[in-house]
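See below:
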């Protein structure tokens, strides 16, 4: 018997140079090799916010307050983009999920949204503010 | 839902004295700022926003906020500002320098903090912006 987990769907970005019709023509072995070559397994990674921070909204500002075993003498203020991502990350999300949701909510005239989110997740995993879900 | 402009996600950490404990559900840390327009003690002067360069080219000396026949003089106006975010005060206070017009030497010029009034169209300056970190008691009881 397998352990039951809640059904969930997550997004990845488009993988590699082939379009969907071309990908559909690949055999299972070819598809696995193709996905492996183009970073599919990295894009499938799930992340969530470190549960030891409490997000509060105070006078229009989003503030993370440490709880649990974290040092109590630090507060973290989040700008609106970061607060949006933090709220999404209360549940496990892929980077693709975050990018998709952010594009629904924000205008991105500079075209840097995707780059910013990738950098944000990569950096905040290193600092421990975001956990990779195993 | 109204779409908003994307900005790079940022988390700013604010560290405070270890004995000023902030709990997740009660107390909060705040910066209190007190500004009193007192620069120059009432003498007429020009106020420049920016940095005094001390060189011959006055175009490097920032922006004159009191050009032409308008002058600044200290009026005692007060501004009290509270923020939970360190650095947020820079949105209402700026830095600059005071020029008393009584001579060209550096002795008639000094650094000030500027507040442009509630509507942003006035010029107030102080030499003694006061800030204080306080723990604000929340209304939860544990």
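Protein chains in written order, with the working numbering: chain A, 57 to 190; chain B, 19 to 160. We treat Cβ as the ideally placed atom computed from N, Cα and C, and that holds for glycine.
Taking CB atoms only, residue 115(B) has no neighbour in chain A less than 7 Å away.
Within a 10 Å sphere around the beta-carbon of residue 142(A) sit 16 or more other beta-carbons, which makes this residue buried. For residue 122(A), the enclosing beta strand (DSSP E) has its first and last residue at 117-122.
Taking C-beta atoms under 8 Å as the contact rule, residue 110(B) and residue 162(A) fail to qualify, at a distance of about 27 Å. Shown here for residue 189(A): same chain residues with a beta carbon closer than 7 Å to its own, the five before and five after excluded, namely 102, 103, 104, 148 in chain order. In chain order, 71 place their CB closer than 8 Å to the CB of residue 95(A), counting only its own chain and leaving out the 5 sequence neighbours on each side. Interface criterion not met: the Cβ of residue 156(A) is under 7 Å from no Cβ in chain B.
What residue 163(A) touches in chain B, judged by beta-carbon distance under 8 Å, is 21, 22, 23, 24, going in chain order. At a cut-off of 7 Å between C-beta atoms, residue 135(A) counts as an interface residue with respect to chain B.
Contact with chain B is absent for residue 186(A), since none of that chain's Cβ atoms lies less than 7 Å from the residue's Cβ. At a cut-off of 4 residues, the continuous stretches assigned as alpha helix (DSSP H) that sit fully inside the stretch 154-186 of chain A are 169-183. The count of Cβ pairs closer than 8 Å, one atom from the stretch 55-73 of chain B and one from the stretch 88-106 of chain B, reaches three, so the stretches are in contact. Along the length of the stretch 85-138 of chain B, whole beta strand (DSSP E) runs at least 3 residues long occupy 96-101, 111-117, 127-133, reported in chain order. When secondary structure is reduced to three states using DSSP, residue 98(A) falls in the helix class. Contact between residue 141(B) and residue 65(B) holds, with the beta-carbon distance rounding to 5 Å and staying under 8 Å. Using a Cβ-Cβ cut-off of 7 Å, residue 117(A) counts as an interface residue toward chain B, since at least one Cβ of chain B sits closer than that to its own. With contacts defined by Cβ atoms closer than 7 Å, residue 100(B) and residue 48(B) form a contacting pair. Residue 132(B) is positioned such that its CB atom lies closer than 7 Å to that of residue 67(B).
DSSP lists 103(A) as the bridge partner or partners of residue 149(A).
With a cutoff of 7 Å on beta-carbon distance, residue 145(A) and residue 157(A) are scored as not near each other. At a C-beta separation below 7 Å, residue 103(B) has these neighbours in chain A: 117, 133. Judged by beta-carbon spacing, residue 155(A) lies within the 7 Å limit of residue 173(A), meaning their Cβ atoms are closer than that value. Among the bridge pairs identified by DSSP, residue 53(B) is matched with 97(B). A direct Cα-to-Cα measurement between residue 152(A) and residue 176(A) gives close to 13 Å. 7 Å or more divides the Cβ of residue 126(B) from the Cβ of residue 136(B).
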